[in-house]
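Asker:
Residue numbers (the working numbering), protein chains in the order written: chain E, 1 to 337; chain W, 1001 to 1337.
1) Does any CB atom of chain E fall closer than 9 angstroms to the CB of residue 1067 of chain W?
2) Considering just the uninterrupted stretch of the alpha helix (DSSP H) at residue 10 of chain E, what are its terminal residues?
3) Does the Cβ-Cβ distance between residue 1047 of chain W and residue 53 of chain E come in under 9 angstroms?
4) If residue 307 of chain E and residue 246 of chain E are in contact, beta carbons under 8 angstroms, what's the gap, nearest whole angstrom?
5) From the DSSP output, in three-state form, read off residue 1307 of chain W for me.
6) Helix, strand or coil for residue 278 of chain E per DSSP?
7) Give every residue of the same chain whose Cβ lies closer than 7 angstroms to the Cβ of residue 1296 of chain W, excluding the five residues on either side of it in the sequence, and list them in chain order.
8) Considering only residues of the same chain and omitting the five flanking positions on each side of residue 1035 of chain W, which have a CB-CB separation below 8 angstroms?
9) Excluding the 5 residues preceding and the 5 following residue 1010 of chain W in the sequence, name in chain order all residues of the same chain whose CB lies nearer than 8 angstroms to its CB.
10) From the DSSP output, in three-state form, read off residue 1043 of chain W for me.
11) Identify every residue that forms a DSSP beta bridge with residue 171 of chain E.
12) Excluding the five sequence neighbours on either side, which residues of its own chain have a C-beta within less than 7 angstroms of the C-beta of residue 1344 of chain W, listed in chain order?
13) Can you give me the C-alpha to C-alpha distance between residue 1142 of chain W and residue 1124 of chain W, rounded to a whole angstrom?
14) Just grab the DSSP bridge partners of residue 1034 of chain W for me.
15) Could you tell me whether any Cβ in chain W is nearer than 9 angstroms to the Cβ of residue 89 of chain E?
16) Provide the residue span of the alpha helix (DSSP H) that contains residue 1115 of chain W, from first to last.
17) Per DSSP, what kind of secondary structure is residue 1054 of chain W in: helix, strand or coil?
18) Taking 8 angstroms as the limit between beta carbons, can you name the residues of its chain near residue 1336 of chain W, skipping five residues before and five after?
19) How many Å lie between residue 27 of chain E and residue 204 of chain E at the Cα?
20) Considering just the uninterrupted stretch of the beta strand (DSSP E) at residue 1248 of chain W, what are its terminal residues?
21) To the nearest angstrom, report how far apart residue 89 of chain E and residue 1195 of chain W are at their CA atoms.
22) Within 9 angstroms of any Cβ in chain E, is that where the Cβ of residue 1218 of chain W sits?
23) Rank E/18, E/7, E/182 and E/44 by C-alpha distance to the C-alpha of residue 1225 of chain W and give the top, closest one.
24) Just to make sure I have the definition right: I need the residues of chain W whose C-beta is within less than 7 angstroms of the C-beta of residue 415 of chain E. Which are they?
25) Beta carbons nearer than 7 angstroms to chain W: which residues of the region 93-116 of chain E have them?
26) Is residue 215 of chain E helix, strand or coil when you go by DSSP?
27) Determine, for residue 295 of chain E, whether the minimum Cβ-Cβ distance to residues of chain W falls below 9 angstroms.
28) Using a beta-carbon distance cut-off of less than 7 angstroms, what residues from the region 1003-1016 of chain W approach chain E?
29) Would residue 1037 of chain W pass as an interface residue toward chain E - the criterion being a Cβ-Cβ separation below 9 angstroms?
30) Helix, strand or coil, according to DSSP, for residue 1336 of chain W in the structure here?
31) Hey, residue 277 of chain E and residue 176 of chain E: beta-carbon distance below 9 angstroms or not?
32) With contact counted as at least three CB pairs below 8 angstroms, one residue from each stretch, are the region 70-80 of chain E and the region 1149-1162 of chain W in contact?
33) Residues of the region 52-78 of chain E in Cβ contact with chain W at a cutoff of 7 angstroms, in chain order, please.
34) Compute the Euclidean distance between the alpha carbons of residue 40 of chain E and residue 1169 of chain W, then round it to the nearest angstrom.
Structure, rendered in structure tokens:
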């Protein structure tokens, strides 16, 4: 059965029922006196708000640009489309709350595939306490999924504009695994079953670092962003926003042993430029950094410093001490490709 | 200059600057103790929330499905893509507040066209107090625009689920003009300059009925929705959601004299089934209805009643007293077409 057989309203009913009946997981709003008043199905969703800081973000994935059906099964696509948004909330130090899901679909989309998509969304949504409270369904020649997500937090948000020279730079986990997984699948690279499983999973099921975001915020970190376009590029953006430069040491970038095993010649490039890692990049004065690093899980590493200088300039120091200026804005969906 | 020449980050910078520098209009959040803390440019937007009811909606327009570049100039497309979302907020009885704008664009999109698009968005945004606080820019083979919009309100929202037998049914203004305008352009129908101007404008620049929504809510109306898919279809949806039937009188449906002039044989069909009117459809007990109708502008009319019976059934009574059951779900983007 395809979308065109069930029709717009049939599909909406089916997805709304799934979303309401299978909603579970933590209620991140309760502690902030936020309560859902109008669920999916009316002109808008509505909730009561208590005094808090509310967060608001959106991210879109487009078939052929951000994913292919060959490398990302529908269920993983559902997981990922929500994960990339939760990651933005995590980077501010917040907890995710309510989502609107917009689906652009060709009429020939299989209903069974849509069910899988929503199973993936519900799986991650229930894990992190995200309630899907509405959305839109439109016909489109390519599949696209847009999620708009709110979040809540107490206290100040962690920003990109507040890095200062003297800050230590760190990341909350291993980098390069997602792009390693994509390459493994696209180029059918030979690898051990263990490495294949690990790299595929990291690519298909990115894990937003909400817990790390909470730890950072509580430890007094004020500067953070999530790494979606690759360490080098995102660090450059953070430096540009803060009006500073940065210096990172290639050796100190956390790379998983299985990534090194499969890509002995390219793991550094993948970790620097790969993208879709969804770990957090953050900066803090040395005393704060020392305190916070002990609370973060395996993989979290201090990788360099914020320095004065040209805004957005990132210098990479390799193991021989050679310095290279990182190319900026390497990930541009419009130019070049 | 095209999107691919300026590149993803160049385009984002340009649009962010426009949005921040030219933001104006009423601050709908102030009275609710809502204040913007983090503007466009970080991982997410953030605002302080006071105690209130917050609304949350999204709507997407896709090239070739919801608009063509021939019938909708870019500036009007910007206006319309925000208008359809504001209309959903209006239908709940709320005031619009913060928007995220997602643009799906082919690399060959002209920057001058994008500027026009944002001029249209800013024009309506500033009129209604909508702040664009972020978004996403993605490559896509067709143009699509997704807006996610929040709103605020005091007291209860007007819903689709609360219509009761005995309620009078009414709309807040003229219907059929938007689809009349589209047909006029597509079929190059001959019409007076005055009628051409009127019908084109109604199609290209729908005016969300925020003021009417406020009037309804303050008068104690509890049931409303906006008319986007056509009176007949949307009324059927409202009846289905409320578990009731409805009976409307074709003569009483408000049709503008210029629509009748241009489409003497089809104006009723356009008013019943045309879509994209963005007036409000509402129901209330006779006493409430009598009070509220005196406060609404020209065009607002009581058109029928809510009746007991099969949920979603809509009967149309013509001038000769003949009854027809309206076809349901006439507007389906996936089936049939």
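Every residue, glycine too, gets a C-beta built ideally from N, C-alpha and C. Because the structure is a prediction, the values reported are computed rather than measured.
Answerer: Let me spell this out:
1) Taking the first residue of the second chain as 1, we reach residue 1067 of chain W at position 67. Residue 1067 of chain W does not count as touching chain E.
2) Reading the first chain from its first residue, position 10 is the one you call residue 10 of chain E. Run containing residue 10 of chain E: 3-21, per the alpha helix (DSSP H) assignment.
3) Sequence index remark: in the second chain, residue 1047 of chain W carries index 47 (1-based). Sequence index remark: in the first chain, residue 53 of chain E carries index 53 (1-based). For residue 1047 of chain W and residue 53 of chain E, yes; Cβs fall inside 9 angstroms.
4) Locating residue 307 of chain E in the first chain gives position 307, counting from the first residue. Locating residue 246 of chain E in the first chain gives position 246, counting from the first residue. Residue 307 of chain E to residue 246 of chain E, Cβ: 6 angstroms. Contact.
5) Numbered from its first residue, the second chain carries residue 1307 of chain W at position 307. Three-state DSSP puts residue 1307 of chain W in a strand.
6) Counting from 1 along the first chain, the entry for residue 278 of chain E is found at position 278. Residue 278 of chain E: coil per DSSP, three-state reduction.
7) As a first step, residue 1296 of chain W must be located in the second chain, where it is residue number 296. Excluding sequence neighbours, residue 1296 of chain W sits near 1172, 1212 and 1215.
8) Numbered from 1 along the second chain, position 35 holds the residue referred to as residue 1035 of chain W. The answer, listed in chain order, is 1029, 1047 and 1048.
9) Here the question's residue 1010 of chain W lines up with position 10 in the second chain. Within the same chain, residue 1010 of chain W has no close Cβ partners at all.
10) Within the second chain, numbered from 1, the residue matching residue 1043 of chain W stands at position 43. In this structure, residue 1043 of chain W counts as coil in the three-state DSSP scheme.
11) For the purposes of this step, residue 171 of chain E is taken as the residue at position 171 of the first chain. Note: residue 171 of chain E sits in a beta bridge opposite E/281 and E/301.
12) Residue 1344 of chain W is absent from the structure shown; chain W starts at 1001 and stops at 1337.
13) Locating residue 1142 of chain W in the second chain gives position 142, counting from the first residue. Locating residue 1124 of chain W in the second chain gives position 124, counting from the first residue. Distance between the alpha carbons of residue 1142 of chain W and residue 1124 of chain W is about 24 angstroms.
14) Here residue 1034 of chain W refers to the residue found at position 34 of the second chain. Paired residues: none, contrary to the question.
15) Residue numbering aside, residue 89 of chain E sits at position 89 when the first chain is read from its first letter. So, interface residue.
16) As a first step, residue 1115 of chain W is located in the second chain; it is residue number 115 there, counting from the start. Its alpha helix (DSSP H) spans residues 1111-1128.
17) Position 54 of the second chain, counted from the first residue, corresponds to residue 1054 of chain W. Looking at residue 1054 of chain W - three-state DSSP - the assignment turns out to be strand.
18) Taking the second chain and counting its residues from 1, one reaches residue 1336 of chain W at position 336. With a pLDDT of only 49 at residue 1336 of chain W, under 50, the local geometry of the prediction cannot be trusted, and the value read off the model is given with reservation. Hits under 8 angstroms: none found.
19) Residue numbering aside, residue 27 of chain E sits at position 27 when the first chain is read from its first letter. Residue numbering aside, residue 204 of chain E sits at position 204 when the first chain is read from its first letter. C-alpha separation (whole angstroms): 26 angstroms.
20) Translated into the one-based positions of the second chain, residue 1248 of chain W becomes position 248. First-last of the beta strand (DSSP E) with residue 1248 of chain W: 1245-1249.
21) Position 89 of the first chain, counted from the first residue, corresponds to residue 89 of chain E. Position 195 of the second chain, counted from the first residue, corresponds to residue 1195 of chain W. One C-alpha to the other measures close to 50 angstroms.
22) Here residue 1218 of chain W refers to the residue found at position 218 when the second chain is read from its first residue. No, because no Cβ of chain E sits closer than 9 angstroms to the Cβ of residue 1218 of chain W.
23) Position 225 of the second chain, counted from the start, is the residue given in the question as residue 1225 of chain W. It is E/44 whose Cα lies nearest to the Cα of residue 1225 of chain W.
24) Given a span of 1 to 337 for chain E in the structure shown, any question on residue 415 of chain E remains unanswerable.
25) 98, 100, 102, 104 and 107
26) For the purposes of this step, residue 215 of chain E is taken as residue 215 along the first chain, with counting starting at 1. Helix at residue 215 of chain E.
27) Locating residue 295 of chain E in the first chain gives position 295, where the first residue counts as 1. Cβ-Cβ to chain W under 9 angstroms: no for residue 295 of chain E.
28) 1003, 1004, 1007, 1008 and 1009
29) Here the question's residue 1037 of chain W lines up with position 37 in the second chain. By this cut-off, residue 1037 of chain W is an interface position.
30) Position 336 of the second chain, counted from the start, is the residue given in the question as residue 1336 of chain W. With a pLDDT of 49 at residue 1336 of chain W, under the threshold of 50, the predicted position of this residue should be treated as unreliable, and no value is reported.
31) What you label residue 277 of chain E is simply residue 277 of the first chain in a count that begins at 1. What you label residue 176 of chain E is simply residue 176 of the first chain in a count that begins at 1. Going by C-beta atoms, residue 277 of chain E is nearer than 9 angstroms to residue 176 of chain E.
32) no
33) 52, 53, 54, 55, 56, 57, 58, 59, 60, 62 and 65
34) Within the first chain, residue 40 of chain E is the residue found at index 40, counting from 1. Within the second chain, residue 1169 of chain W is the residue found at index 169, counting from 1. Rounded to whole angstroms, residue 40 of chain E to residue 1169 of chain W spans 24 angstroms at the Cα level.
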